């Protein structure tokens, strides 16, 4: 997926397609941040536009409270409904059409049996103040409840809740992932 397709997919999470939808979506800090994220990945770090975008990106990180490295692997269709306190390790990878609420930490562990960073599947809903840490795998269509600490692998099509994390079968993220394509 190239940067234009990723922006269009991101836009589908905030507003209807088209230029009017783009400007409506651009009012949301999460979409605005990810437009910069996608553009930075388009330009070389030595390109004059790339240098300017990196500076502007850093200022946006401070302004909105997102600590996400520009080279983090994040699929299209990401949705950040609220800004503030989102930290994502540069070693993590996030699939397509994921919701990430405020206060979420997706972190890397530097030593021990779970050394590494999370790999998150597609259509995952991550609730406010959830923490995902270590080399774990989160399947597709997973709902991670608010205030959940996840340091275990989570299979697809389930919900994980609590501290320590407990997997609940049957409840998925399908009702929580919304699109504005109609």
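Numbering (the numbering used here), first residue to last: 148 to 329. A virtual CB, placed ideally from N, CA and C, is assigned to each residue, including glycine. Keep in mind that this is a model prediction, so the values were computed, not measured.
Asked	Found
For residue 280: DSSP bridge partner residues	254
Test item: CB-CB of residue 324 and residue 249 under 8 Å	no
Nonlocal neighbours in the same chain, by C-beta distance under 7 Å from residue 189, ignoring five residues either side	150
Backbone CA spacing between residue 234 and residue 312 [nearest angstrom]	20 Å
Any C-beta of chain C under 8 Å from that of residue 191	No chain C appears in this structure, which consists of one protein chain only.
Candidates 247, 265, 267, 281, of which the one nearest residue 258 by Cα	281
Whether residue 338 touches residue 308 by CB criterion (8 Å)	As displayed, the chain neither begins before 148 nor continues past 329, which places residue 338 out of reach and without an answer.
Beta-carbon proximity check, residue 314 vs residue 291, cutoff 8 Å	no
Exposure of residue 239, with buried meaning 16 or more beta-carbon neighbours within 10 Å	buried
Assigned secondary structure, residue 196 (DSSP; H/G/I helix, E/B strand, else coil)	helix
Helix, strand or coil at residue 177 [DSSP, three-state]	helix
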